[in-house]
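Q: One structure follows; several queries about it will come next.
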Amino acid sequence: MSADTAATSAPIAIVMGSRSDWPTMREAADLLDALGAAYEAKVVSAHRTPDRLAEFARTAKARGVKVIIAGAGGAAHLPGMIAAGTALPVLGVPVQSKALSGLDSLLSIVQMPAGVPVGTLAIGKAGAKNAALLAASIVGLSDEGLAARVESWRAEQTASVPETVED
Ligand code: RP5
1 MSADTAATSA
11 PIAIVMGSRS
21 DWPTMREAAD
31 LLDALGAAYE
41 AKVVSAHRTP
51 DRLAEFARTA
61 KARGVKVIIA
71 GAGGAAHLPG
81 MIAAGTALPV
91 LGVPVQSKAL
101 SGLDSLLSIV
111 QMPAGVPVGT
121 LAIGKAGAKN
131 AALLAASIVG
141 LSDEGLAARV
151 ESWRAEQTAS
161 VPETVED
């Protein structure tokens, strides 16, 4: 079996434009760990490593990836370019940039032309966490155990919210 067709054990892929995005994207990874959801995480830059990006998108489905979480900041073309190369669901996380606080990232990711969708999340860590929950829910459609763990996580979150304003 060639590298292109070898199935991976991880149905979720987390990719990011730079190592500097990891503090944000780690939130997604940590939540997937908590949910017991397998994932791979790697740096794939739309601008600095375009060949790596094209190879990743072209081979993802054959490797067993079911959903892709792509985070990038600034001129954040990574999620859209991955969506251009695969019909797998792509969840885009706008990483908070220094210059424009992530508004540049958000607008770069969210305004996709009709026909090439990227499901765009909130700027920063909240977006990364919610991308993980959505990815787990998507994979959970064909994985009852994971779906049950997502339900439990949500129920625990609900139970943790106090109704009173102070003790
Ligand atoms: C984007 O440029 C990355 O996603 C990152 O958010 C931003 C800055 O990258 P570095 O200069 O920190 O590597 O490609």
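Residue numbers (full-length UniProt numbering): 1 to 167. Positions of the beta carbon are idealized from the N, C-alpha and C atoms, including for glycine. Keep in mind it's a predicted model, so treat the numbers as computed, not measured.
Can you give me the start and stop residues for the beta strand (DSSP E) that GLU40 sits inside?
A: Its beta strand (DSSP E) spans residues 39-43.
Q: Starting from the Cα of GLN157, find the closest Cα among ALA57, LEU31, THR49 and give me that residue.
A: Nearest C-alpha to GLN157: LEU31.
Q: Take LEU141 and list the residues in its own chain whose beta-carbon comes closer than 8 Å to its own, dropping the five residues that flank it on each side.
A: Correct list, in chain order: ALA147.
Q: In three-state terms, what does DSSP make of THR86?
A: THR86 falls in the coil class under three-state DSSP.
Q: Spatial neighbours of VAL110 within its chain, please: CB distance less than 7 Å, with the 5 preceding and 5 following residues excluded, ordered by chain position.
A: Here the set comprises THR120.
Q: Rounded to the nearest angstrom, what separates LEU106 and GLU55 at their Cα positions?
A: Cα to Cα, LEU106 sits roughly 25 Å from GLU55.
Q: Count the other CB atoms within 10 Å of the CB of ALA29; is the residue buried (16 or more) or exposed (fewer)?
A: Buried, because 16 or more other Cβ atoms sit within 10 Å of the Cβ of ALA29.
Q: Taking all protein chains shown into account, decide if SER20 is buried (16 or more other Cβ within 10 angstroms of its Cβ) or exposed.
A: By the 10 Å Cβ count, SER20 comes out exposed.
Q: Using the C-alpha atoms, what's the distance from GLY92 back to ARG149?
A: When rounded, the distance between both Cα atoms is 23 Å.
Q: Out of SER18, ALA57, MET81, state which residue places its alpha-carbon closest to the alpha-carbon of PRO113.
A: Looking at the Cα atoms, MET81 is the closest of the given residues.
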